Structure formats: structure tokens, C-alpha cells
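Here the sequence shown is numbered in this note's numbering, starting from 13 and rising by one per residue.
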Amino acid sequence: MEKIIAITNQKGGVGKTTTAVNLTACLAELGKKILLIDADQQGNATSSFSINKVEQEHTVYELLLGEDSIKESIINEVMPNVSVIPSNINLGATEIELIGIPDKEFILSKEVEFVKDDYDYIIIDCPPALNTLTLNALTTADSVIVPIQCEYLALEGLSDLIQTINLVKERLNPSLDLEGIVFTMYDSRTILSQNVVEEVTGHFPDKVYQTKIPRNVRLSEAPSFGQPITIYDPKCAGADSYRRLAQEVVSRT
13 MEKIIAITNQ KGGVGKTTTA VNLTACLAEL GKKILLIDAD QQGNATSSFS
63 INKVEQEHTV YELLLGEDSI KESIINEVMP NVSVIPSNIN LGATEIELIG
113 IPDKEFILSK EVEFVKDDYD YIIIDCPPAL NTLTLNALTT ADSVIVPIQC
163 EYLALEGLSD LIQTINLVKE RLNPSLDLEG IVFTMYDSRT ILSQNVVEEV
213 TGHFPDKVYQ TKIPRNVRLS EAPSFGQPIT IYDPKCAGAD SYRRLAQEVV
263 SRT
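Encoded structure:
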């Protein structure tokens with residue numbers, strides 16, 4: 013059964029794209045067929061699979077404007093079991109371009125209906141903001157994974173994000189659910205990391221993944237080589253962590 017998961021956090025720098033890219037790669041390793049939709053104008057998920065985002069003429073931007081169909085937008089088999097709908101800086105104009113368009117929050121959802129049966133999972137990498145792009149992702153998704161950096165300030169935005177998810181569920185997408193919360197940049201040696209984990213787990217005991225993504229230099233390096241961690245350094249601690257996370261995601265499906 014296919015599942016559509018949005019990876020989102022309104023705060024930047026929390027490992028959102030890193031999680032989207034490497035969860036995609038690790039699910040693919042498990043034999044799952046994945047479509048990754050890059051809904052962030054920075055296009056970092058796109059370039060993490062060695063796709064030259066500047067050269068792309070068929071992206072999420074053209075898809076949302078109705079210039080392309082979803083099948084025209086997909087780059088097939090960028091690696092075994094992984095296809096990508098790319099993004100680039102053009103996506104930043106979406107807010108203006110879609111002013112006055114009826115049901116603009118549901119454009120992606122309507123397009124995904126045409127291909128969702130072709131994949132086991134569709135992963136959507138959201139921008140670090142609540143805007144039309146994020147709303148399109150949340151109206152399309154069955155559930156949301158929230159990456160949280162193990163720092164105090166990350167806690168401040170979590171309640172707002174949960175409120176946003178609940179509001180979308182109430183008004184736009186009744187089937188939307190919180191899939192899980194994953195801790196990123198975790199350092200077991202620090203009291204701060206432990207405190208953040210305890211605080212969040214106390215509020216969401218059934219939603220926190222057991223797997224914690226550690227601070228890992230190889231994870232930070234991989235995007236600059238255009239590779240997910242499973243290719244760049246498949247034996248490092250970061251790769252092992254994302255493989256465990258993928259197994260948890262599959263077990264909850």
C-alpha cells in the first residue's frame with residue numbers, strides 16, 4: 013500500500029532535507045519504490061541526487077502552474093528505486109504566480125493522484141515556512157515526519173508546527189496525521205540533547221522514533237558530492253541511523 017509522507021518543519025537548519033534524501037535512499041535499499049518531490053525552492057534534495065537543478069525545465073514549479081503534467085515532471089530512476097520531481101529557484105515565484113487561482117492548495121494533491129499507485133512511498137521535502145508550497149504538501153500527504161534538532165530553540169517551534177498540522181487536518185485534509193518525530197544532530201554526550209529528547213517524548217510518547225540521527229561529518233559532506241549517504245559513505249554512523257529510521261517507518265506503515 014502506497015503512503016505519502018511530508019517531511020516538514022517551519023524552522024530551518026534542522027536536517028529536514030537531509031532526512032528526506034536519506035530516508036528516500038534507505039527505503040529504496042529496502043526494495044521500496046520511491047518518488048521524492050522536492051518542494052523547496054533551494055533545490056537541495058534535487059542536487060543531492062546529482063541532478064543539475066539549474067538545467068531542469070520540468071520541475072515542481074511548472075507542475076504547479078499547470079505547464080507540465082506530473083509524468084512530464086518526474087526524472088525516473090536517478091538511482092535504483094528512486095525517482096525525483098526536481099526543484100530550483102524558480103519555485104520561489106509560486107506564491108505570486110498562484111494568486112487568485114482557485115483551490116491552489118490542492119494542485120499537487122490532484123496531480124499526485126495520477127501516479128501514486130506507481131510507488132510504495134512518496135516523500136515530499138517541504139520548505140522551512142508555512143506557505144502555498146507547504147500547504148500543497150500537507151494536503152497531498154497522508155502523514156508528516158518532523159525532524160527536530162536537539163537544541164532548545166527547536167522546541168519553541170514544535171507546538172506551532174503541531175498546531176499547523178492539526179489546522180490543516182481540520183480544514184483541508186482530514187486524513188493527515190503526525191507520522192513521527194525524529195531527532196537530528198543528536199549528541200548523547202550533552203545534557204541538552206538528552207533534555208530535548210525527554211521533553212518531546214514526554215509530550216508525544218507514541219510519536220517519537222527510537223532512532224536518533226547523530227551529528228555526523230559524513231552526513232554533512234554527502235550533499236556537496238551529490239550523493240545520499242548510502243552511496244557516499246554507506247558504513248558511517250549516519251547511514252546506519254537512517255537505515256534504522258527507514259525500518260521504523262516501514263514497520264509503522
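Cβ coordinates follow ideal geometry from the N, Cα and C atoms, glycine included. Source: prediction; values computed, not measured.
Within the DSSP secondary-structure output, Lys-224 pairs in a beta bridge with Phe-195.
Within the segment 98-183, the complete alpha helix (DSSP H) segments at least 4 residues long are 106-109, 119-124, 144-152, 164-183, listed from N- to C-terminus.
When C-alpha distances from Glu-191 are compared across Leu-150, Val-208, Glu-41, Arg-201, the shortest belongs to Leu-150.
Taking C-beta separations shorter than 6 Å and ignoring five residues to either side along the sequence, the partners of Thr-58 in its chain run Asp-50, Lys-65, Pro-98, Ser-99, following chain order. Contact check between the segment 20-34 and the segment 78-97: fewer than three CB pairs, one atom from each, fall below 8 Å, which does not count as touching.
Ala-166 counts as buried, since at least 16 other C-beta atoms from the protein chains shown sit within 10 angstroms of its C-beta. In this chain, the alpha helix (DSSP H) harbouring Glu-41 covers 28-41. CA-to-CA, the gap between Met-197 and Ala-258 works out to about 17 Å. Excluding residues up to 5 positions away in sequence, Thr-144, Leu-147, Asn-148, Thr-151, Leu-184 lie with their Cβ nearer than 8 Å to the Cβ of Glu-117 in the same chain.
Per the DSSP secondary-structure output, Asp-189 pairs in a beta bridge with Ser-155. Here the C-alpha atom of Val-229 lies approximately 34 Å from the C-alpha atom of Leu-188.
Ile-160 sits close to Val-212, with the two beta carbons spaced by under 8 Å. Around Gly-104, the same chain offers Gln-53 as residues with beta carbons nearer than 8 Å, after the five sequence neighbours per side are excluded. Contact check for Ile-16 against Val-124 passes: the beta carbons are separated by less than 8 Å.
Under the three-state reduction of DSSP, Asn-56 is assigned to helix.
Here Asn-21 is near Val-158, since their CB atoms are less than 8 Å apart. The C-alpha of Glu-41 is placed about 21 Å away from the C-alpha of Glu-233. Residue Pro-140 holds the alpha-carbon nearest to the alpha-carbon of Leu-173 among Cys-162, Pro-140, Glu-163. Ser-95 sits in a strand when the DSSP states are folded into three classes.
Excluding the 5 residues flanking it on each side, Ile-87 has same chain C-beta neighbours closer than 7 Å at Ile-63, Ser-95, Val-96, Pro-98, in chain order. Nearest C-alpha to Gly-24 among Ser-155, Tyr-133, Leu-120, Gly-169: Gly-169. Ile-63 carries a coil assignment under DSSP once its states are collapsed to helix, strand and coil. Taking each of Lys-219, Gly-238, Cys-162, Ser-236 in turn and checking the Cα distance to Arg-201, the smallest one comes out for Cys-162.
About 5 Å separates the beta carbons of Pro-235 and Ser-60, which is inside the 8 Å limit, making them a contact pair. Per the C-alpha coordinates, the member of Lys-224, Met-91, Glu-69, Pro-92 positioned closest to Ser-85 is Glu-69. Under the three-state reduction of DSSP, Asp-80 is assigned to coil, being neither helix nor strand. Comparing alpha carbon positions, the residue from Pro-92, Pro-246, Thr-223, Ile-136 closest to Ser-121 is Ile-136.
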